[in-house]
Structure formats: C-alpha cells, structure tokens
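Participant:
Residue numbers (the numbering used here), protein chains in the order written: chain A, 210 to 713; chain B, 210 to 713.
1. Taking the continuous alpha helix (DSSP H) assigned at residue 491 of chain B, which residues delimit it?
2. Under the assumption that residue 573 of chain A contacts residue 548 of chain A (Cβ atoms under 8 Å), give the Cβ distance between them as a whole number of angstroms.
3. So, is the C-beta of residue 286 of chain B closer than 8 Å to a C-beta in chain A?
4. Decide if residue 663 of chain B is buried, meaning its Cβ has at least 16 other Cβ atoms within 10 Å, or exposed.
5. So, is residue 258 of chain B buried or exposed, given that buried needs 16 or more other C-beta atoms within 10 angstroms?
6. How many angstroms separate the CA atom of residue 546 of chain A from the CA atom of residue 397 of chain A?
7. According to DSSP, is residue 211 of chain A helix, strand or coil?
8. Have a look at the DSSP bridge pairing and note the partners of residue 506 of chain B.
9. Please name the residue, chosen from B:518, B:329, B:216 and B:253, that lies closest to residue 481 of chain B on a Cα-to-Cα basis.
10. What is the C-beta distance between residue 323 of chain A and residue 374 of chain A, in whole angstroms, given that I count them as a contact (C-beta under 8 Å)?
11. Please report the distance separating the alpha-carbon of residue 467 of chain B from that of residue 264 of chain B.
12. Quick one: Cα of residue 424 of chain A to Cα of residue 543 of chain A, how far?
13. Over what stretch of residues does the alpha helix (DSSP H) that includes residue 475 of chain A continue unbroken?
14. Answer with buried or exposed for residue 355 of chain A, where buried requires no fewer than 16 other C-beta atoms within 10 angstroms of its C-beta.
15. Quick check on the burial criterion: 16 or more other C-beta atoms within 10 angstroms. Buried or exposed for residue 515 of chain B?
16. Checking 8 Å against the spacing of the C-beta atoms, do residue 366 of chain B and residue 465 of chain B come in under that value?
17. In chain B, which residues lie with their C-beta within 8 Å of the C-beta of residue 475 of chain A?
18. Contact between the segment 523-543 of chain A and the segment 633-647 of chain A: three or more CB pairs below 8 Å?
19. Taking Cβ-Cβ distances shorter than 9 Å, what residues in chain A pair up with residue 219 of chain B?
20. Rounded C-beta distance between residue 585 of chain A and residue 401 of chain A? I'm assuming under 8 Å.
21. Does any CB atom of chain A fall closer than 8 Å to the CB of residue 245 of chain B?
22. Is it true that the CB of residue 390 of chain B sits closer than 8 Å to the CB of residue 414 of chain B?
23. Would you check if the distance between the CB atom of residue 712 of chain A and the CB atom of residue 639 of chain A is smaller than 8 Å?
24. Whole angstroms is fine: what's the gap from residue 459 of chain A's alpha carbon to residue 427 of chain A's?
25. Would you call residue 235 of chain B buried or exposed, if buried means 16 or more other Cβ atoms sit within 10 Å of its Cβ?
26. Within a Cβ cutoff of 6 Å, which residues of the same chain sit near residue 176 of chain A, ignoring the five residues on either side of it in sequence?
27. Give the range of the beta strand (DSSP E) segment to which residue 241 of chain B is assigned.
28. Do you know offhand how far residue 213 of chain B's Cα is from residue 224 of chain A's?
29. Sort out for me which residues DSSP pairs residue 638 of chain B with in a bridge.
30. CA-CA distance, residue 330 of chain A and residue 343 of chain B?
31. If we cut at 8 Å on Cβ distances, does residue 225 of chain A have a partner in chain B?
32. Are residue 231 of chain A and residue 247 of chain A close, meaning C-beta to C-beta below 8 Å?
33. Ignoring anything shorter than 4 residues, give me the alpha helix (DSSP H) runs that lie fully in the segment 542-589 of chain B, in order along the chain.
34. CB residue 345 of chain B to CB residue 267 of chain B, shorter than 8 Å?
35. Tell me the rounded alpha-carbon separation between residue 706 of chain A and residue 695 of chain A.
36. Less than 8 Å between C-beta atoms, sequence neighbours within five positions excluded: which residues of the same chain meet that for residue 293 of chain B?
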C-alpha cells in the first residue's frame, strides 16, 4: 500500500514543459497509489541505488498507454535531462517533501527581511526546479509587496548570479546598455552598439523579445538579421566585430532570472527591487563591467517621477558596486515615444535612417542615441570627460557606424528579403483641433500589438505628431499598419475609440 | 507570419493536468509561430466559426508526432472536455489575452479592499480556468498578507458559492460538523455522525483526505468502508441512513474551493479569511443549514489564543448569517492530541472502541465527541437546551450509535479485510524523568507521515501518555508503527532526535 515501494522504468516523454518539471504516471500505475500522490501534486523521483538528491516534479496522470505504460514513469524533456540517466533506469516515486526554503518564503510573507543565506536557499531550490510555479509566484509577490530593502536586493542578485554560468571576456572593459523599458519605439541600442563597437569598445549586447510590448530589440534586429545565435558563434562574432545585437535567450546565462521573469510577467508585479536584481544579475552573468542604464521618466512611463528615478538609481548603484559592476544611470525624457515607428519593421526603418544619416531620420532617436553612446564612450579612459557625445557624432556622421552595423548584420546572418510595413494601412486622425499634450504609452503599445506586432513584424504604428504640435480636426496622428484584416479591424476600432494621444 | 491565422485540428491528449488547462502544440507547427506563443506562455484557443469565448491554456511544446502532429492542437483531458467540441474540429490559437480580473488582483496586492463585484470577476475567471496556477497563487497571497476584512470574506464566500452547484436536501434542518484541524487524532466526526443520524437528524458529512496531516476523516473511514461514492449513490445513502462519512472530492461541489486549496496548501498561507471562505462555501454548497464548528486552541494548534479564536468565531458567524447558514462555534482544548492513535488504522481503532463502549476506549475522544454531538442534537427544536449531551450519551451507551455506524459502513461498502497496524513497531521513550508538559502537534504529525501515514494506513503513532502524566526515564511515550523498513528507520531516527513531547 505504500506509495514508494516498487520501481518504475524511466521513460522520456517528449513534451517541453519549460520551467516546470513534469512527471507522467499512468492512472493504473502498478507501483504506487496514484490518488495519494495526486493529492500531494508534487512528487519526488529517485534513481534506484543512486545517492543523488531526489528530483521534484509536478504530477500529470496519463490515460494513454502509448505515452506511459503502467510500469513506467515518464519525465518531460527538461526533467529527463536534469535527472541525467538513460531510458529504462529503475526509479521510485513518492510524495514530494516540501522544499525547506518555502518556510523562508512564508516568513517573508509575514514581513521578515531576508539575508543572503535565505536568498541563497530559495534561489538554489528554485534553480533545482523544486518549486512549482505557484510557489515561485508566492516568493515574487512576497518580495514585491512592500518592496525589498536595498541589501535584500543585493542578496537576491548575488544568489541569482550564483545559480548560473558567468561569461568572462578577458578584457577589463566590457560595456553594456540597458533601458528599463516602457517607452514605445526608443530603439537606441541598435544605434549605440555600432557606434561603440566602431570605436573599438567591446559591447556584446543581448536583448529580449517583446512579451507585453509591440517589439523588443531582438524582434526589431530580426527584421534585418538572424538573432538566435549559438553561444560559441555569438562569442566569435563579438570578438571579431566588438559587438552584437542578439537575442539573449540562447545563452541561458541567467536561467533563474528567465524563470522568475516568466512567472512575474503575467502578474505585472512591477517591483523595483525585483527589476534591479533581474537586470543586474543578467548583466553580471554576461560579463559586463560597465553598464549605462536608461531610466525614462514620464506620466505614462514605468517610472513616473524624478524622485522615483533617483531612488531606483541608488539601488542600481549600490548593488552594482557591491558586485563589481559600474552602473551609470541616464534619466531621460519618457513623456513621448522615441522615433516614429512602433513595431519591428517600422522601428528598424527608423534605426537605419539614423545610421545612414538620412535627412528624414527621426531627430529625437538620433539625439538620444548620441547622448547615450557618448556616455558609454567615456567609459574609455582615453576619452576625455565631455568628449563622448562629439566622438559618437563623428562616428555616426562619418558612416563608420553604418559600416559597423552592416558588418554586424552580415556576421549574424543578413536577412535577404526583409519584410516591409504591413500593407493594410489606416490613418488615425485627431478628433478635434488643438495641441498635442500627452501620449499614453500603454494605449499605443496595445494598439500596435492588436495590429499584430511583434508576431507580424510589419504591423504597428507610424507616428506623425510630437508633443506640442498643433493639429487640426481630422489631421492624421499616426498610421496604423497591419498584415491581416482581422487584426487591422480590431486595432482600428480600438484606436478610433481611444487614439492614445491627448489633444489639449 | 501572424500567430493566429491558419486553423489546426483539435485532438484530445489523454493527460490529466488537474486544475490547469494545457495546450499541446508540435514544435514544427505549420499554422503558428511557436516561439512567439511560447513567450506568452498562455494561449487562447478558439473554435473556428463558433462565437463562444476563447479558452485559455498553458502551452506545452511537443516533440513527439504521435502525441500531436504539426497540423494539430492537443488539449489535456479537462481542457478538451471544457471546450466541448469533437476531435478534428478546426481551432485557431493565439497569444492569450491577460484576464481582465488580474488587474483587480494587482490592486489587492497594493492593499485595496475588494468588493463583491471584484471577487466575482476573479472567481469567474479562475473557475473558467483563465488563471495559471501562479496567478491564483498571487491572488491568494494578496488575500492572505494582511488578511481580508470581514466583508471581503463574505464577498469571496459568496463569489465562490456562485461558481458551483448547490445541493438541496429539501429538509429544513441539515446538520454539519467541521473542525478547523491541526490536532492529531481528534477523529470525532466518525462518532458524532452515527449519534446524530441515529437520532434521525440529517448529517451528510463529507470530509477531505489528508494533505499535510497523517490522516483525514476520509482516510480513516476508508479503513472501514468505501468513501469514494458517486454523487447519486451518496445521496441515496444519506436519505436512507440520515448520514454518511464520505470523501467530499467526488461530488465536486465547490470546484473553486478545491482549486484554491490545491494552490494554497503547499504555500501554507494560513490566512483566517481564506479559511472561513473555504469552509463556509463548501458547507453551503453541500446544502447544510446548521454547522457546528470545532476550533481547538493550544500552543501548537492552528489557533493559539482565545482572542484569536473569538475573532475567527465572529467572522464565521458574520459570513454564515449573511449567507443563511447558522454557525455555532465550540472552542475546544487543543493542547494535546485527542484519542491515542495518529494515522488511519490507529484512529479507526479508537473510533470503534468509543462506539462499541469498550472500557479501554480513549475517554478524551469519547467526552469531546459527546459534547459536540450534544450541541448538534440541540439544533433539533424538540431537544431542550442542555439535554443534548445526555441524549448523545444515551444513544452511544445504548448501542444505537454503533448500530448506525455498522449500517452506514454497510451502505457505503464495508471493507472485508481491514488493514491492521503497521507491523514494524518501535517504542519511543522518555529521555529523562519528569512530567508531560506539552505536545508539539506539528512534530507528531510529521513523525506519523514519515512513518508512512496516510498512504500506508497502518502507519502512525500510538500515544501512551497524556498531559500531566509523570514519566520515568526510558518509559515509552508512544509506539511508532510502519509498514516498510525505509519509512520505519526514517521516522524512528526523527523521533529519537525530537519526540515531539515535552517533559518538564
């Protein structure tokens, strides 16, 4: 009658369950009482005769003998790889013990601050996949509720860093740039990286794909080049070109951060402490030594006041310093989108217009990129304070940045037939005359997503007005692009109801 | 390129994923970009041409064409049943929209109290499986952090009640009994139900299985009889016998409560508000009209002070009254286990000893059961105030309670060869002389679980001492029973390190 006496034969079930280990057990399992295990939800899987710690997995009960038979235990792809023993290996299964660090999570829920030992215990259990996603959510909510103390952020960052690999570029100066996000357009990285790399400074920039926004840097770069590069190839490209603009997901540098983000994102927790730990652990794992951080401030941006930006800056600086990463913060204008396009193709067009010094290039994107690139160039001890921005402008205007971008694109794999803007186009017009007084970033981002971005790369918005512009009733505010009629109609009716641009 | 243009053919994947809908998509899916959907984690599944609301599901990516092919969309058992259309139906898939009520959860996380409309929106989305388990966890943590206001508990209870079915017994008096738990042994329900049913009062008692404890009432009753009864059969038994002692899981009366508990339990959230909503929504769904609630108070019980017990009592009364359930609270002694056995077989033995009026029956279990049964009997308008306990004693001593129990056992399905106590036995002894001054309920429960309870029904502890007893060094405190040597050794070494009984 006991739940864990007889052995089962291990079998790989070729289902990718992402961050959660799943164990598949036939309902008529011969070696255990499925109903009892079921109640525990999580099970512990042990290799017979091996002294390794049992692996924990969520239990799924299978009614199809072609997936698992009554004397088999199936494991999802990631779980099978983690257990690391061949098909057919005898394994036993029992109800999972509660991970000991869940008691620490519980204490945090009761308001107790956590020290490094506590954060380490939690990080190790999460990294070993001993937490269900619901348990990770409880930890994140506990961290987010009154926000973490500065030293808790440091402890969490350190603990996260310890669970993964770290790149070592064997150079003293490895530059990086990050924007905390929230501003549509704002594709400065794709201009900054070629400028900095053309100067010869190492800037191995990896970026995320959009999750809730209409485009991430990786989505926009993908319009022009391959972005999913195997770690060895990426390394080689960076050493040759001094820079890259790639998707950060393949390197799996900060696996714990990826996991926490995947749970945190749908909850929209919005905790500054968690954000700092996430960004800095990732940058440190990537081997960066100097980071320029863009914090846009505006009424519909992530950070809404200068006071909040200052507080955030200090947390970044404190944690960065303790862990050997020099962080410099640029507080920037987040009152309106940067550039005209919102969506991968339209943003890539803006980026290339700036790099190619075209007269119609969006000047706000150009100016912001030069300002930020200048601050990064001043990480170079040979660049005098105050000379960075001029140097960046020289590199851009001389065509060296465009040449470097072409070279990076070729190295990553140029896309020979880049997609164009979505062919279904509608103009969204001003309902009345007046002056542009505000942009609702969330509304604009949602409109671009409804139009199909980023899955349809040509979908999105092309802005035609800026803050302070006078407009007539009926004057176009932006053009909506889509690729399918369903998305087009959906986005258009949303924009007609609320264009996301305030006229005062 | 869009994520949701072409249709896929629906297929049932015979995997039971419990409370979470899972969609299975081949990595090489022909109709959508799996990487884009992947990033969203949850997908929305729509039946082509149907106007029903899309179903949300967690995405698993499949690398085995025998599970799902490139032009197929697989759904787990519960999700397939929920969608309610046949295999082969054309469906489309896209990134899931965020359930609107998650914004309410977010407001709750920021400290905002929730009204009935808010609780309803959340309850409906959770009941429609629109939340991932991590999102449910965030809601529960938000509710638990500073605990809910009384009227929030009422709103949550009402919202939970509205998501499920309600039984109607078509009788004005339907009695029920519940203990908030936390005390080892304490198997009073199995004595109270036969007494009350023998009096003729309707008491359709359903119970849970143990999750974190060594035995639930359903586990203990299962030693003697079947407890998993189809709803129609259970109904018939109750009408004939006036009572039952069954597992509550088959009726699926409060599906939302089951779901919340399954997420809450591993987190050990311990929120009084959530507990009240859970218990009362379940009792109301079961059609109860009068509830006697046992709140044990003691230093290692769930409720540790009389003040906490009073506060909890008032919340129970307030919510019960508003929803038409008369709740009566008995605050009882939770300083030590009730009865001798801890574990299904040992507890069932205690219960039968009391019912059969055996001289060696545990007197504490007998006395407590009579006191509680007496209060329930006084729900009968024909029983005078103060006469209940005497009446209960008459029913017990006359053998009518034992006869009713035999009759209920036969009706549910008598177990012909009930298991005996675990054959591996060790005595755990007092390390020194003194007097018994305290019981650590959590430690004793853990020891019984380590010994194998409830999966091994004969496993557990048999207590030999009570509070205040003098003991010599080396005198046995309890007997440990187990069925397998691994569990036996594990439990014994734990008990040797900490017996869970304090000697002063």
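Quick reminder that beta carbons are idealized off the backbone N, C-alpha and C, glycines included. Computed from a predicted structure; not experimentally measured.
Facilitator: Put simply:
1. Looking up residue 491 of chain B in the second chain gives position 282. In the DSSP assignment, residue 491 of chain B falls within the unbroken alpha helix (DSSP H) covering 481-494.
2. As a working note, residue 573 of chain A is residue 364 in the first chain. As a working note, residue 548 of chain A is residue 339 in the first chain. Yes, they are in contact, since the Cβ atoms of residue 573 of chain A and residue 548 of chain A sit about 7 Å apart, within 8 Å.
3. Stepping through the second chain from its first residue, residue 286 of chain B is reached at position 77. Residue 286 of chain B counts as touching chain A.
4. Looking up residue 663 of chain B in the second chain gives position 454. That one is buried.
5. Looking up residue 258 of chain B in the second chain gives position 49. For residue 258 of chain B, the number of other beta carbons within 10 angstroms of its own is below 16, and it is reported as exposed.
6. Position 337 of the first chain, counted from the first residue, corresponds to residue 546 of chain A. Position 188 of the first chain, counted from the first residue, corresponds to residue 397 of chain A. Straight-line Cα distance between these residues: approximately 12 Å.
7. Taking the first residue of the first chain as 1, we reach residue 211 of chain A at position 2. The predicted model places residue 211 of chain A with a pLDDT of 40, which falls under 50 and marks its position as unreliable; any figure quoted below should be read in that light. DSSP places residue 211 of chain A outside both helix and strand once states are collapsed to three, so it counts as coil.
8. For the purposes of this step, residue 506 of chain B is taken as the residue at position 297 of the second chain. Beta-bridge pairing links residue 506 of chain B to B:512 and B:542.
9. Position 272 of the second chain, counted from the start, is the residue given in the question as residue 481 of chain B. Residue B:518 is the option with its Cα nearest to residue 481 of chain B.
10. Here residue 323 of chain A is taken as the residue at index 114 of the first chain, counted from 1. Here residue 374 of chain A is taken as the residue at index 165 of the first chain, counted from 1. In this structure residue 323 of chain A does not touch residue 374 of chain A by the C-beta definition: roughly 24 Å separates them, more than the 8 Å allowed.
11. Translated into the one-based positions of the second chain, residue 467 of chain B becomes position 258. Translated into the one-based positions of the second chain, residue 264 of chain B becomes position 55. Rounded to the nearest whole angstrom, the C-alpha separation of residue 467 of chain B and residue 264 of chain B is 20 Å.
12. The residue labelled residue 424 of chain A in the question sits at position 215 within the first chain. The residue labelled residue 543 of chain A in the question sits at position 334 within the first chain. Distance between the alpha carbons of residue 424 of chain A and residue 543 of chain A is about 17 Å.
13. In the first chain, counting from the first residue as 1, residue 475 of chain A sits at position 266. It spans 464-476 - the alpha helix (DSSP H) in which residue 475 of chain A sits, taken as one unbroken run.
14. Working through the first chain from its first residue, we reach residue 355 of chain A at position 146. Classification for residue 355 of chain A: exposed.
15. Numbered from 1 along the second chain, position 306 holds the residue referred to as residue 515 of chain B. With fewer than 16 Cβ atoms within 10 Å of its Cβ, residue 515 of chain B is classed as exposed.
16. Numbered from its first residue, the second chain carries residue 366 of chain B at position 157. Numbered from its first residue, the second chain carries residue 465 of chain B at position 256. No, the Cβ-Cβ distance between residue 366 of chain B and residue 465 of chain B is not below 8 Å.
17. The count along the first chain starts at 1 and reaches residue 475 of chain A at position 266. Ordered by position in chain B, the residues that pass the 8 Å Cβ test against residue 475 of chain A are 250, 251, 307, 311, 341, 343 and 344.
18. Judged by Cβ distances under 8 Å, the segment 523-543 of chain A makes no contact with the segment 633-647 of chain A, as fewer than three pairs qualify.
19. Locating residue 219 of chain B in the second chain gives position 10, counting from the first residue. Contact of residue 219 of chain B with chain A by beta-carbon distance below 9 Å is absent, the smallest such distance being about 16 Å.
20. Along the first chain, read from residue 1 onward, the residue named residue 585 of chain A stands at position 376. Along the first chain, read from residue 1 onward, the residue named residue 401 of chain A stands at position 192. Cβ-Cβ separation between residue 585 of chain A and residue 401 of chain A: approximately 7 Å, consistent with a contact (criterion under 8 Å).
21. Locating residue 245 of chain B in the second chain gives position 36, counting from the first residue. Cβ-Cβ to chain A under 8 Å: yes for residue 245 of chain B.
22. As a position in the second chain, residue 414 of chain B is number 205, starting the count at 1. As a position in the second chain, residue 390 of chain B is number 181, starting the count at 1. No, Cβ-Cβ distance for residue 414 of chain B and residue 390 of chain B is not below 8 Å.
23. As a working note, residue 712 of chain A is residue 503 in the first chain. As a working note, residue 639 of chain A is residue 430 in the first chain. Yes, the Cβ-Cβ distance between residue 712 of chain A and residue 639 of chain A is below 8 Å.
24. In the first chain, the residue the question calls residue 459 of chain A occupies position 250. In the first chain, the residue the question calls residue 427 of chain A occupies position 218. Distance from the CA atom of residue 459 of chain A to the CA atom of residue 427 of chain A, rounded to whole angstroms, is 12 Å.
25. One-based indexing of the second chain puts residue 235 of chain B at position 26. Buried is the call here.
26. Outside the displayed span of chain A (210 to 713) sits residue 176 of chain A, for which this structure offers no information.
27. One-based indexing of the second chain puts residue 241 of chain B at position 32. Run containing residue 241 of chain B: none; DSSP gives neither H nor E here.
28. Walking along the second chain from the start, residue 213 of chain B turns up at place 4. Walking along the first chain from the start, residue 224 of chain A turns up at place 15. Only weak support is given to the placement of residue 213 of chain B: the predicted model assigns it a pLDDT of 43, under 50, and the question is left unresolved by the model.
29. Mapped onto the second chain, residue 638 of chain B falls at position 429. Residue pairing by DSSP places residue 638 of chain B opposite B:685 in a beta bridge.
30. As a working mapping, residue 330 of chain A is identified with position 121 in the first chain. As a working mapping, residue 343 of chain B is identified with position 134 in the second chain. The straight-line gap from Cα to Cα measures roughly 20 Å.
31. Along the first chain, one-based indexing puts residue 225 of chain A at 16. Closer than 8 Å: yes.
32. Position 22 of the first chain, counted from the start, is the residue given in the question as residue 231 of chain A. Position 38 of the first chain, counted from the start, is the residue given in the question as residue 247 of chain A. For residue 231 of chain A and residue 247 of chain A, no; Cβs fall outside 8 Å.
33. Fully enclosed alpha helix (DSSP H) runs of 4 or longer: 553-564 and 572-586.
34. Within the second chain, residue 345 of chain B is the residue found at index 136, counting from 1. Within the second chain, residue 267 of chain B is the residue found at index 58, counting from 1. Going by C-beta atoms, residue 345 of chain B is not nearer than 8 Å to residue 267 of chain B.
35. Translated into positions along the first chain, residue 706 of chain A becomes position 497. Translated into positions along the first chain, residue 695 of chain A becomes position 486. Rounded to the nearest whole angstrom, the C-alpha separation of residue 706 of chain A and residue 695 of chain A is 17 Å.
36. Position 84 of the second chain holds residue 293 of chain B. Result list for residue 293 of chain B: empty, nothing under 8 Å.
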